[in-house]
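Below: the structure, in structure tokens.
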Amino acid sequence: MAKKKKKPQRKQGHPAKVNANVMSLAHAKVKRGLDALTPDYVRWYEQTYQGTGAVEMDLMAVRDSLSLYADLVGLDSVTDFDPQAIVAIVHGLVEREAHREDQKHLGMILSEAWISYSLFLEESGLWKHHARELEMLREGLHSTQFSFNGGPGIGGIFEEEAELSTEEREAAAKAQFDAMPVVALGHAMAAWVAQSPERRWDSNDPQPFIQSAMQELEASIPSGITGERREIIMGYVFMSLVMAGVLSLDFGQPQLMENAEGFATAEGDVGLGATYLLVRSMVQLLIATPEEGNEEADEVWDLTLGWLTAAQDGEPHLVAEDRYPDRSEEVWAKAHARMREMIDLGIVESGDYYTVPPMVQTILADLEDEDLGPEDDEESLYGDAADWEEEELFRPARTEPYTGKVLQLKLGLRDTKPPIWRRVLVPMDLHLGDLHDIIQAAFDWDNTHLHIFRTGLYDGTSYGADIPELEVDVDETAALVSEVLKAEKDRLEYSYDFGDDWRVRIDVEKVLDGDGEFLPRCTGGRRFSPLENSGGTEGWDAKMDIIRDAGHPEHEEVQEWLADTYFEIPDPAEFTIESVNERLMAEF
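All letters in the sequence shown, in the order written, are residues 1 to 588 by UniProt numbering.
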């Protein structure tokens, strides 16, 4: 029997305010959905935590936050939601109630409720998306438990300018906020609500409110934001005001909340804090990862996030720079349109380069920190594959050009931001052991650890080396690539080095005819591949941060570690097709 987890005792108290007399259709849908899950959740909870002490409070907390989620963005099912939005909603609820003594444990209550609920969805198979999304939700919620207990306040944003007084730092922050049209738009929306508090609609659908706001606040919307983007941006502003504790939309009636008065002046910890949360929420919504399956949106997101990251790192992108060869004209144009939209909102600065104000740099760093965890220094669960005494199978070179069907695969390294990926053309007559070698060459890894392929996330068929150290369903050398990946949109998961946990998502983009040229070969990609034994994606990112900071206490140590492998410090943005193809030609 699996070892039981021990659940900490909680402080008692209801996590949110509930109107018992009125229930919208959206709230009723949430209640019905959770009611249907309650028996299974109670059984899971009892087995997992050896008791049912806080199960009722968990369900109430999840119900209230899902109800707010349904109000803001809509909800089809209580098992299908955007984890990033849930973290933002919990963050907003805790911030809104932070001043109340009876709600001082709200962060812990909401966070632990959602951590338990997400584990239940994952372990019971009700979550239909990637498990990593729920892992990131839990990581974000762990920090929320403690982020409202005497934090540094707005002064901490300018802590590198130690010579400034608190008043000077606050004045500098206020000046930056005042220059942002998105803040002016937020002020206009809050003032409009204050002038006409009697507005009411029949449901909690915020769309009538947003559409009315678009008409009434026409003059406040930046002129560069047009078409359907106007409604999207107004929706983002509304949601950001809710997250900042300035507005709510309870039962069809917009209301000013506790932070509204401070927000109106943008002064003091409350006002500046609410303004910071407004801008932070806007940035988070604007750079949110697009839904899977939309390659064009993914490429636009990749470009815009890369340019923002470059601005944050002090290496801004030249606006007039020529289009990247691996980006279509349409994708290039849409990415620049998104950047112009952020210029119109004041999130990006206008000029020859895409730069961002210091406050936005802080926000980007803040959002990046949420995605980073402690470096995982644990060694591979099974040791190094290099210790195996078995000889690698000999692969004879082709004597004739391959003319059969070819898979165009996108190899995406999971949990990387900006995304790291490779595009390769692979003959369908190779086996999965060959595909493993292709992935190793694509990411410049050394094949010194165990690996596994899987057709599903955790419950699919597994493929790997036929060795005692690894339990797999099928020997990878006995399975052709064409047996597993046959058509467009087919997908396969690949994991390498179970300590660092490198995970590659393999997507079939196209099935092509052979062209008689060398195969396999790389045709595209983005960004430098992380070095093995660096602690996974989080560890690699942390090392890159350290190497850029000459004053960091570990700078010299990391520099020496990199020098063991590289002649010069790698550029995270660097990628060349030629280097990948050189490795592939050496292998095949």
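Just so it is clear, CB atoms sit at the ideal spot from N, CA and C, and this is done for glycine as well.
Let me check understanding here. Comparing Cα to Cα, which of H317, L470, W561, V87 lies closest to M243? V87
Find the nearest neighbour of V401 within the set E296, G514, L407, H449, judged by alpha-carbon distance. As written in the sequence, residue 401 is Pro, which differs from the Val given in the question. Of the candidates E296, G514, L407, H449, the one whose C-alpha sits nearest the C-alpha of P401 is G514.
Answer with buried or exposed for S512, where buried requires no fewer than 16 other C-beta atoms within 10 angstroms of its C-beta. Looking at the sequence provided, one finds Leu at residue 512 rather than Ser. L512 is exposed by the Cβ-count criterion.
Give every residue of the same chain whose Cβ lies closer than 6 Å to the Cβ of V182, excluding the five residues on either side of it in the sequence, and list them in chain order. M282, L345, G346
Please identify the residue among R32, E469, L435 whose C-alpha is closest to the C-alpha of T477. L435
Report the partner residues of L93 according to the DSSP bridge assignment. In the DSSP output, where bridge partners are listed per residue, L93 has none listed.
Do three or more CB pairs link the region 478 to 486 to the region 523 to 542 at distances below 8 Å? no
Best match in R138, E122, D58 for proximity to A85 [C-alpha to C-alpha]: R138
Cβ contact check for the region 405 to 412 and the region 497 to 510: 3 or more pairs under 8 Å: yes
Just the Cα atoms here: how many angstroms apart are F588 and D444? 15 Å
Are the CB atoms of E135 and I225 nearer to each other than 7 Å? no
If you pair each beta-carbon of the region 205 to 223 with each one of the region 179 to 193, do three or more pairs fall below 8 Å? yes
Distance, R491 Cα to V348 Cα: 36 Å
On the premise that Y41 lies in contact with F120, defined as a C-beta separation below 8 Å, what is that separation, rounded to the nearest angstrom? 6 Å
Nearest CA to the CA of R526: which residue from D302, G92, L584? D302
Please name the residue in E258, M239, V360, A297 whose C-alpha comes closest to that of L285. M239
Under 8 Å by Cβ, that's how I've got A311 and Y354 pegged, so tell me the actual separation to the nearest angstrom. 5 Å
At the level of alpha carbons, what is the spacing between Q145 and L430? Legend: pLDDT at Q145 = 46, less than 50; position of this residue unreliable, no value from coordinates given.
Flag this pair as yes or no: are the beta carbons of T274 and V237 separated by less than 7 Å? Checking the sequence shown, residue 274 turns out to be Ala, not Thr. No, these two residues do not count as a Cβ contact at 7 Å.
Neighbour-count burial assignment, M257, 16 or more Cβ in a 10 Å radius: buried
Please report how far the alpha carbon of D571 lies from the alpha carbon of V300, in whole angstroms. 22 Å
Short of 6 Å in beta carbon distance, which residues of its chain neighbour N581, apart from the five on each side in sequence? Order them along the chain. R521, C522
State the DSSP-derived secondary structure class of K417, mapped to helix, strand or coil. coil
Report the rounded CA-to-CA distance for W44 versus M60, giving the unit in angstroms. 17 Å
To the nearest angstrom, how far is the alpha carbon of L66 from that of Q255? 19 Å
Distance check for V193 and E493, CA to CA, integer angstroms please. 49 Å
Residue from L241, R583, E574 whose Cα sits closest to the Cα of A190: L241
Only counting runs of 4 or more residues, tell me where the alpha helix (DSSP H) segments fall wholly within the region 327 to 367, in order along the chain. 329 to 345
With distances taken from CA atoms, which of I438, S77, W421 is nearest M428? I438
Extent of the continuous beta strand (DSSP E) run through T523: 521 to 526
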